[in-house]
Amino acid sequence: AQSVTQLDSQVPVFEEAPVELRCNYSSSVSVYLFWYVQYPNQGLQLLLKYLSGSTLVESINGFEAEFNKSQTSFHLRKPSVHISDTAEYFCAVIRMDSSYKLIFGSGTRLLVRP
Amino acid sequence: ETGVTQTPRHLVMGMTNKKSLKCEQHLGHNAMYWYKQSAKKPLELMFVYNFKEQTENNSVPSRFSPECPNSSHLFLHLHTLQPEDSALYLCASSQGSQSSYNEQFFGPGTRLTVL
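This is the structure in structure tokens:
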């Protein structure tokens, strides 16, 4: 079975500071990895994904995540956050032999303060 | 309308009521999903429909009954719910396939409160 752990339920940070949201996963088979973002009163949006190739993936709004197979981690980072980054962030995995069964972590609320 | 829409956005119901949640996707997808998002818990996949056929029922109680009349519409019929069923119910859609990963697009959700 697969599982995803997001150890931090909430991360408060000041605007323009760097941030890292941690994600670790457990799986007996190879997986694809994802970060989703949920803004208040909205559904989930895909932020970035790792399917293959370079282990460092980037989003269009400055977030990046690095797949570390030995540490089974996929931490999300941003060097300088904005107020508008305040949201809930979910890490998720899919087994490579499954096309749809997303397994989510419990989420991390990023709270950016002025 | 574009993307995935859900109605109603908010619903309050008693334990003896019967109600339905509606999801519609305008993306030309063939797979649709229901998820349950409870406070402080990971999103739980409830049901999957692929080309109108149910391909996943993740041990969901029978008081939740899905219906997929066509590839664009998905319903979740609710009856005799319990207070612990209060949650955000999210619908998603993707290209239909069992053989490769397809990105799922989520609707805004229906916030359900069971009194």
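If you read the sequences in order, they're chains A and B.
Sequential numbering from 1 applies to the first sequence in the working numbering.
Sequential numbering from 1001 applies to the second sequence in the working numbering.
Where is the CB? At the ideal position from N, CA and C, for every residue including glycine.
- Assignment of Ser-70/A by DSSP, reduced to helix, strand and coil, places it in the coil class.
- Under the three-state reduction of DSSP output, Glu-1067/B falls in the strand class.
- Within chain A, the residues Leu-46 have their CB atoms less than 7 Å from the CB of Glu-1103/B, given in chain order.
- Interface annotation, Lys-1040/B: in contact with chain A, CB-CB separation under 9 Å.
- Thr-108/A and Tyr-89/A do touch by the CB rule: their CB atoms are close to 5 Å apart, below 8 Å.
- Look at Pro-114/A here: in three-state DSSP terms it is coil, with no helix or strand label.
- Approximately 11 Å separates the beta-carbon atoms of Tyr-50/A and Leu-76/A; this is outside 8 Å, ruling out the contact.
- Contact annotation: in the segment 70 to 96 of chain A, residues whose CB is within less than 9 Å of a CB in chain B are Phe-90, Ala-92, Ile-94 and Met-96.
- Along the length of the segment 1015 to 1050 of chain B, whole beta strand (DSSP E) runs at least 3 residues long occupy 1018 to 1025, 1031 to 1037 and 1044 to 1050, reported in chain order.
- Close CB contacts of Thr-1113/B within its chain, under the 6 Å cut and outside five residues either way in sequence, are with Val-1012 and Ser-1086 (chain order).
- Taking the Cα of Pro-1066/B as reference, the smallest distance to any Cα among Gly-1109/B, Gln-1054/B and Ser-1072/B is reached at Gln-1054/B.
- Here Asp-97/A is exposed, its C-beta having fewer than 16 other C-beta atoms within 10 Å.
- At a cut-off of 9 Å between beta carbons, Val-4/A contacts chain B.
- Counting along the chain, Tyr-25/A sits inside the beta strand (DSSP E) bounded by residues 24 to 26.
- For Ala-1031/B, the chain A residues whose C-beta falls within less than 7 Å of its own C-beta are Tyr-100, listed in chain order.
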